[in-house]
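So the structure is just underneath, and the comments pick up after that.
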């Protein structure tokens, strides 16, 4: 049976449950939240079989590609993977209501970002579901002249987006629905780039409209599809491309975030004759970079969906010579 596309999977958990967990955090603090989180995550770990299998599959690929150094049993690693996801939900709510300040953020390679901003140049920032992109709000805090626009499939997480808005109705990013980019949307995005604004788009999920406009790449040792959309859009808008990752760690018992911004391209050029080849090479370069950052924070890639063409076990068995 063909696996469901990620965009067809509904939000896990009722909004009332998220509100309850957030209320625990607001009134009692992070430690009681974590205590309650353990059984909640255990429930989802046990009864969300598809998500658990996707987590285990990802961890097998990480281990097979020598990017997961921990020798803990994969099932325990998978539970910790789920726990990290639970913590990330709290972090998203906390940053929106102002509980996570710039003191909890280390901005790496900020010169790359600052140079563009000083020139008044807009750009596309390609992110992923590795870490916590909500912290990109810190970019706007560092420079009041920066406007951040997030391109996302908002229909996939309507209730959670409403929860973020309630956490702080004034602290918001411009969210643009992009199930597909129409000519009108392209004109709007060009205007934002020309005005020196940022467009943030995830580059690790295939298009909502179907399996077209993807490149087959090697990611963590196996073939999978990754979207061409961010790079096609960048070529149309003729703007620089940066990548952005925000990874979480503990410092002094409190969450701390490393925000990495890297230069990817001054401009994406897709010659008419070799368009697919250029897209393939560009998307593969992105996949390689994503794999490198997954190694920095193995349990923070929150893609709980079938991802690869073959399982890691199948890939390993087919590569092993028969005796």
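Numbering (this note's numbering), first residue to last: 244 to 566.
Just so you know, even glycine gets a beta-carbon here, dropped at the ideal spot from N, CA and C.
Small disclaimer: the values here were computed from a predicted structure and weren't measured.
Between the alpha carbons of residue 545 and residue 489 lies a gap of roughly 13 Å.
If you look at residue 331, you'll find it in the alpha helix (DSSP H) that goes 317-339. Taking the Cα of residue 535 as reference, the smallest distance to any Cα among 505, 338, 431, 513 is reached at 505.
The shortest C-alpha to C-alpha distance from residue 366 to any of 322, 432, 375, 354 is the one to 432. Taking the C-beta atoms as reference points, residue 471 is found nearer than 8 Å to residue 457. Straight through space, the alpha carbons of residue 515 and residue 499 are spaced by roughly 45 Å.
Of the candidates 390, 356, 524, 356 places its Cα closest to the Cα of residue 483. With a cutoff of 8 Å on beta-carbon distance, residue 460 and residue 521 are scored as not near each other. CA-CA distance, residue 316 to residue 283, rounds to 21 Å.
Positions of the beta strand (DSSP E) runs, each at least 3 residues long and wholly inside the region 484-540, are given as 484-494, 497-508 in order along the chain. Around the beta carbon of residue 553, a 10 Å sphere encloses fewer than 16 other beta carbons of the protein chains shown; the residue is thus reported as exposed. For residue 446, the number of other beta carbons within 10 angstroms of its own is at least 16, and it is reported as buried.
Across the set 444, 449, 436, 547, the C-alpha of 436 shows the shortest separation from the C-alpha of residue 362.
In the assembly as shown, residue 286 is an exposed residue. Its beta-carbon has fewer than 16 other beta-carbons within 10 Å. Partner residues in the beta bridge of residue 417, as assigned by DSSP, are 392. Shortest Cα-Cα distance from residue 511 to any of 491, 494, 485, 492 involves 485. Distance from the CA of residue 374 to the CA of residue 517, rounded to the nearest whole angstrom, comes to 34 Å. When the beta-carbon positions are compared, residue 501 and residue 349 come within less than 8 Å of each other. Around the beta carbon of residue 346, a 10 Å sphere encloses fewer than 16 other beta carbons of the protein chains shown; the residue is thus reported as exposed. Between residue 443 and residue 376, the alpha-carbon positions lie close to 9 Å from each other. Between residue 392 and residue 430, the C-beta spacing is not below 8 Å.
In this structure, the straight-line span from the alpha carbon of residue 294 to that of residue 538 is close to 21 Å. Comparing C-alpha distances from residue 262 to each of 336, 275, 288 shows the shortest one belongs to 336.
When only Cα atoms are considered, residue 270 and residue 341 end up about 15 Å apart.
Residue 345: not part of any alpha helix (DSSP H); DSSP gives it neither H nor E.
Counting other Cβ atoms within 10 Å of its Cβ, residue 547 reaches 16 or more and is therefore classed as buried. In this structure, the alpha-carbon of residue 354 lies about 10 Å from that of residue 360. Residue 470 sits in a strand when the DSSP states are folded into three classes.
In this chain, the alpha helix (DSSP H) harbouring residue 278 covers 273-290. In this structure, the CA atom of residue 273 is about 29 Å from the CA atom of residue 296. Distance from the Cα of residue 450 is smallest, within the candidate group 438, 473, 464, 441, for 473. Looking from the CA of residue 496, the closest CA among 277, 328, 312 belongs to 277. Between residue 551 and residue 448, the CB-CB gap reaches or exceeds 8 Å. In this structure, residue 370 places its C-beta atom within 8 Å of the C-beta atom of residue 487.
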